[in-house]
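Peer 1: In this note's numbering, the protein residues as written are 82 to 524. Glycine is no exception: its CB is placed at the ideal position from the N, C-alpha and C atoms.
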Ligand SMILES: O=C(O)C1=C[C@@H](OP(=O)(O)O)[C@@H](O)[C@H](O)C1
Ligand SMILES: C=C(OP(=O)(O)O)C(=O)O
């Protein structure tokens, strides 16, 4: 479902010290995958801690449209009765994935090797994003794809009646491409192989193994070689979704920037394929401690204790980009408040997210007194220890741009506004009450 057509202007002002505990909602990537693998299993999958953001709700609705029974039992508690690998039914209507690149790309993969036809659409942001990166490899399995100019949505896929397995080397570091190919490989007899030169988030591999598929990952000179054996019977598993490190980044950033702040953020995933922001913040001198490291739901997690303190600029190397790809907008805000220059390299993928995130952050930061330069593949922020503020940033239907500028406003001299905060509900529906409970002045 596309988010509300009415823009929701929001404003953030300089706040007193942020204090308290921030209970972040469930991880978005893991939530999508729990619903999709639940739908492809035979029997009942019980999920706790599911993110109830619009992106994930759209995936839940899509799984129902393909024939799975999906039911909400309570807050974050859901059950899915799946149809098994190859068991998807043909949906009667168009599948609307709203704002979600992960939703649409993974679901296209999941249906491409079943002999049914489905049409996918999304909101204005998703309709601008490239889909050829997923439909091209899916065609290797034998499905037929029709798309709008530039391989954009709406896309119609006629699933392969006699799928063949594929071997595919991803041209860009993308967990969505990798996952779409692996999910298609589930219903192809034989071995499907994905090779990625840079490691990307590995939730699909972990969860497929947990649901009983035979899947191996091998580090080779070519990169990570992931091999999946097709036609498994997936067995339902209880899924306890850990808290989302990408959402945690916003209150963490706010606590680092607002003088006197000290917050706790319990149970955040520390999966190494998602940890790049936290590695970078420690290099910048951030006062963050990771307490009670443990395993929850097959993922490493820890409780974060975050305190305000001085930060210095650093260079983020390109090989770290995939492990923090959604965190660069908020890092660029943190960098503006640091002393010295922060260089973010290898970040070209930011140009094809919900918005061109390099352009959106550069324009908004400069309007608020920041010093920023960019190239196609890099962003440089010259930190001056603070931001003047006073301007409105355009969010371009992009939740992470909206939350980044609101965090900036909490520590700037003048308030910072965003033209539309409504997309925040796609990934972090409780952002506003959670931040206000910490003491943030956001409205
Ligand atoms: O697989 C996933 O769950 C995701 C992968 C990333 O996208 P790419 O695969 O396009 O890098 C990320 O930006 C997105 O928020 C979630
Ligand atoms: C890029 C993002 O999501 P998606 O690709 O799923 O729309 C994001 O959440 O920052």
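(1) Let's test the definition: count the other Cβ atoms within 10 Å of the Cβ of residue 380 and tell me whether it reaches 16, buried, or not, exposed.
(2) Compare the C-alpha of residue 139 against each of 196, 102, 186 and 124 and name the closest.
(3) Indicate the three-state DSSP secondary structure (helix, strand or coil) for residue 569 in the structure shown.
(4) With a threshold of 16 other CB atoms inside 10 Å of the CB of residue 242, please say whether the residue is buried or exposed.
(5) May I ask you to report which of helix, strand or coil DSSP gives residue 137?
(6) Taking 6 angstroms as the line, does the beta carbon of residue 257 fall inside it for any heavy atom of ligand 1?
(7) Using the Cα positions of residue 189 and residue 147, report the straight-line distance between them to the nearest angstrom.
(8) DSSP three-state label for residue 279, please.
(9) With DSSP collapsed to three states, give me the class of residue 357.
(10) Measuring only the C-alpha atoms, how far is residue 268 from residue 435?
(11) Under the three-state reduction of DSSP, which class applies to residue 173: helix, strand or coil?
(12) Looking at the structure shown, is residue 272 part of a helix, part of a strand, or coil, going by DSSP?
(13) Helix, strand or coil for residue 332? Go by DSSP, reduced to three states.
(14) Excluding the 5 residues flanking residue 228 on each side, which residues of the same chain have their C-beta closer than 8 angstroms to its C-beta?
(15) Let me know the secondary structure DSSP gives residue 292 once reduced to three states.
(16) By how many angstroms is the C-alpha of residue 195 removed from the C-alpha of residue 313?
(17) Any contact of the segment 347-363 with the segment 398-416, i.e. 3+ C-beta pairs under 8 angstroms?
(18) Looking only at C-alpha atoms, which of 501, 303 and 322 sits nearest to residue 159?
(19) Using DSSP bridges, identify the partner residues of residue 307.
(20) Could you spell out the range, first to last residue, of the alpha helix (DSSP H) harbouring residue 514?
(21) My output table needs one value for residue 213: the three-state DSSP class, helix, strand or coil.
(22) Measuring alpha carbon to alpha carbon, tell me which residue in 259, 184, 298 and 361 is nearest residue 419.
(23) Which first and last residues belong to the alpha helix (DSSP H) in which residue 480 is found?
Peer 2: On the basis of the coordinates in this document:
(1) Here residue 380 refers to the residue found at position 299 of the chain shown. Result: buried.
(2) Position 58 of the chain shown, counted from the start, is the residue given in the question as residue 139. Closest by alpha carbon: 186.
(3) The requested residue 569 does not occur in the structure, where the chain is confined to residues 82 to 524.
(4) For the purposes of this step, residue 242 is taken as residue 161 along the chain shown, with counting starting at 1. Residue 242 is exposed by the Cβ-count criterion.
(5) Taking the chain shown and counting its residues from 1, one reaches residue 137 at position 56. Three-state DSSP puts residue 137 in a helix.
(6) Reading the chain shown from its first residue, position 176 is the one you call residue 257. Annotation for residue 257 indicates a beta carbon within 6 angstroms of some heavy atom of ligand 1.
(7) Walking along the chain shown from the start, residue 189 turns up at place 108. Walking along the chain shown from the start, residue 147 turns up at place 66. Straight-line Cα distance between these residues: approximately 11 angstroms.
(8) Position 198 of the chain shown, counting from 1, holds the residue named residue 279. Reduced to three states, the DSSP call for residue 279 is coil.
(9) The residue given as residue 357 occupies position 276 in the chain shown. Of the three classes helix, strand and coil, the one that applies to residue 357 here is helix, per DSSP.
(10) Within the chain shown, residue 268 is the residue found at index 187, counting from 1. Within the chain shown, residue 435 is the residue found at index 354, counting from 1. Approximately 30 angstroms between the Cα atoms of the pair.
(11) One-based indexing of the chain shown puts residue 173 at position 92. Three-state DSSP puts residue 173 in coil, outside helix and strand.
(12) Counting from 1 along the chain shown, the entry for residue 272 is found at position 191. Strand, per DSSP.
(13) Taking the first residue of the chain shown as 1, we reach residue 332 at position 251. Secondary structure at residue 332: helix, using DSSP grouped into helix, strand and coil.
(14) Locating residue 228 in the chain shown gives position 147, counting from the first residue. The residues are 212, 213, 216, 234, 235, 236 and 237.
(15) The residue labelled residue 292 in the question sits at position 211 within the chain shown. If DSSP states are grouped into helix, strand and coil, residue 292 belongs with coil.
(16) As a working mapping, residue 313 is identified with position 232 in the chain shown. As a working mapping, residue 195 is identified with position 114 in the chain shown. Residue 313 and residue 195: Cα-Cα distance of roughly 14 angstroms.
(17) Taking one beta carbon from each stretch, the segment 347-363 and the segment 398-416 have 3 or more pairs nearer than 8 angstroms; the two touch.
(18) Locating residue 159 in the chain shown gives position 78, counting from the first residue. When each option's Cα is compared against that of residue 159, the closest is 322.
(19) In the chain shown, the residue the question calls residue 307 occupies position 226. In the DSSP output, where bridge partners are listed per residue, residue 307 has 275 and 298.
(20) Here residue 514 is taken as the residue at index 433 of the chain shown, counted from 1. Taken as a continuous stretch (DSSP letters only), the alpha helix (DSSP H) holding residue 514 covers 512-519.
(21) Start at 1 with the first residue of the chain shown, and residue 213 comes out as number 132. Under the three-state reduction of DSSP, residue 213 is assigned to helix.
(22) The residue you call residue 419 lines up with position 338 of the chain shown. Nearest neighbour of residue 419 by Cα position, chosen from 259, 184, 298 and 361, turns out to be 361.
(23) Position 399 of the chain shown, counting from 1, holds the residue named residue 480. First-last of the alpha helix (DSSP H) with residue 480: 480-490.
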